[in-house]
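Input: a single structure, listed below in structure tokens.
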Amino acid sequence: MDFWPEFLATTSGREFVAGGVGGTAGIISGYPLDTLRIRLQNSTNGSAFTIFRHMLSREGPASLYRGMATPLASVTFQNAMVFQTYAVLSRAFDSSVSAEYPPSYKGVALGGIGTGALQSLLLAPVELVKIRLQLQNVGQMTESGNGPVRIAKNIWKKEGLRGIYRGLGITVMRDAPSHGVYFWTYEYMRERFHPGCRKSAQEGVNTMLIAGGLAGVASWIICYPFDVVKTRLQVQTPSSLKYKGIFDCLKRSINEEGYSVLWRGLGTAVTRAFVVNGAVFSAYEISLRVLFNNGCIQMQETI
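For the sequence shown, the working numbering begins at 1 and goes up steadily by one.
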């Protein structure tokens with residue numbers, strides 16, 4: 001009966017809830033653009049606007065949110081794990097900095113890399129199901145009309161554990177360096193916009209939004225070619241295997257469609273990244289401060 005009051009009385013409990021709020025805000029704000037990104041990456045022709053128009057006319061507005069239940073259901077735990085793991089690793093990788101001061105930029109970058117690698121264990125299966133849902137009704141998936149639970153069961157039944165973790169290697173290759181860039185960019189930009197805020201935590205919402213948005217853009221630019229390969233590998237089923245592995249997918253994609261294929265959909269991805277990660281960091285920081293009651297938030301700060 002007293003679980004929640006006791007849970008919220010702890011630092012880890014508050015961080016867990018704040019991480020969940022941040023992750024939920026990010027998914028809801030950016031999911032339509034994420035669906036469009038996936039369609040672009042797995043398409044050989046058509047602009048973002050053309051695909052968007054066809055989705056609305058042929059499948060309806062709900063198609064933009066197809067598969068959202070899967071990441072939304074796991075986002076609380078996933079985001080809590082990401083932020084808490086980062087908090088621990090950013091200190092562990094540079095223990096010379098006192099706990100009274102924010103982690104060094106070295107610790108931030110290395111902590112982000114470690115966090116990205118670890119979170120891939122949870123994220124790879126979730127994104128596998130999400131991608132297959134997002135590509136329903138486009139002629140590439142045989143599980144059309146099924147929900148996330150049924151698709152996950154079908155993958156387990158037909159492909160086993162190896163199928164559930166299809167794309168794990170490329171997910172680690174994508175997320176480890178991108179999370180290092182992600183957290184480093186956020187910490188660096190928020191300090192540039194509001195000097196001293198890493199220690200005082202007194203920056204305003206505008207700083208959170210812009211620093212978070214830029215962090216998302218930077219992380220996606222550095223990892224985007226890996227994400228294209230990951231999408232193409234995870235959309236495969238045992239009956240439609242086209243690529244033998246990461247390097248075969250990379251080589252064949254370039255040979256068949258040119259180097260530009262590695263950046264197909266980047267514009268949509270970085271637009272989404274700015275919106276989503278601005279929302280994630282703002283919701284996380286605001287929730288954390290509300291839960292800790294440690295000072296007011298300046299809603300109209302100019303940077």
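Positions of the beta carbon are idealized from the N, C-alpha and C atoms, including for glycine.
Collapsed DSSP secondary structure at residue i in the structure displayed
| i | result |
| --- | --- |
| GLY114 | helix |
| ASN42 | coil |
| ARG37 | helix |
| VAL17 | helix |
| GLN300 | Bear in mind that the predicted position of GLN300 carries a pLDDT of just 42, short of 50, making it too unreliable to give a figure here. |
| GLN134 | helix |
| LEU241 | coil |
| TYR105 | helix |
| TYR165 | coil |
| THR10 | coil |
| GLN234 | helix |
| SER120 | helix |
| SER287 | helix |
| ILE151 | helix |
| ARG264 | coil |
| SER47 | coil |
| GLY258 | coil |
| MET1 | With a pLDDT of 45 at MET1, under the threshold of 50, the modelled position of that residue is not reliable, and no figure is offered here. |
Under 8 angstroms between C-beta atoms of residue i and residue j
| i | j | result |
| --- | --- | --- |
| ILE170 | LYS242 | no |
| THR268 | ARG66 | no |
| ARG232 | SER260 | no |
| TYR224 | TRP184 | no |
| TYR105 | MET68 | no |
| GLY167 | ALA80 | no |
| VAL75 | ALA117 | no |
| GLU15 | GLN78 | no |
| TYR188 | GLY112 | no |
| ALA273 | VAL217 | yes |
| GLY305 | ASN277 | What is shown of the chain runs 1 to 303, which leaves residue 305 out entirely. |
| VAL275 | ASN42 | no |
| GLU287 | VAL97 | One detail in the question is off: residue 287 reads as Ser in this sequence, not Glu. No; because the gap between Cβ atoms is not below 8 angstroms, this pair is not in contact. |
| HIS165 | ALA124 | The sequence given here places Tyr at residue 165; His does not occur at that position. Yes, the pair counts as a contact, with Cβ atoms nearer than the cut-off. |
| LYS199 | TYR86 | no |
| GLN119 | VAL82 | yes |
| PHE226 | ARG174 | yes |
| VAL270 | ILE222 | no |
Counted within 10 angstroms of its Cβ, other Cβ atoms place residue i as buried (16 or more) or exposed
| i | result |
| --- | --- |
| SER219 | buried |
| PRO238 | exposed |
| ASP34 | buried |
| VAL149 | exposed |
| GLY245 | exposed |
| ALA211 | buried |
| ARG162 | exposed |
| GLY258 | exposed |
| LEU40 | buried |
| GLY160 | exposed |
| PRO71 | buried |
| PRO5 | exposed |
| PHE52 | buried |
| GLY265 | buried |
| ALA215 | buried |
| SER240 | exposed |
| LEU128 | buried |
| SER47 | exposed |
| ALA99 | exposed |
- What are the uninterrupted segments assigned as alpha helix (DSSP H) that are 4 or more residues long and contained completely in the stretch 174-219, given in chain order? 197-200
Practice item. Would you check if the stretch 276-295 and the stretch 17-26 touch, i.e. whether three or more CB-CB distances between them fall below 8 angstroms? Key: yes
Next item on the list: State whether the stretch 52-72 contacts the stretch 80-99, with contact taken as three or more CB pairs (one from each stretch) at a distance under 8 angstroms.
Entry: no
Three or more C-beta pairs under 8 angstroms: does that hold for the stretch 150-168 against the stretch 123-136? yes
Practice task
Evaluate the contact criterion for the stretch 192-205 versus the stretch 165-184: three or more CB pairs, one atom per stretch, below 8 angstroms.
Solution key: no
Runs of 4 residues minimum, wholly inside the stretch 56-101: which ones carry the alpha helix (DSSP H) assignment? 69-92
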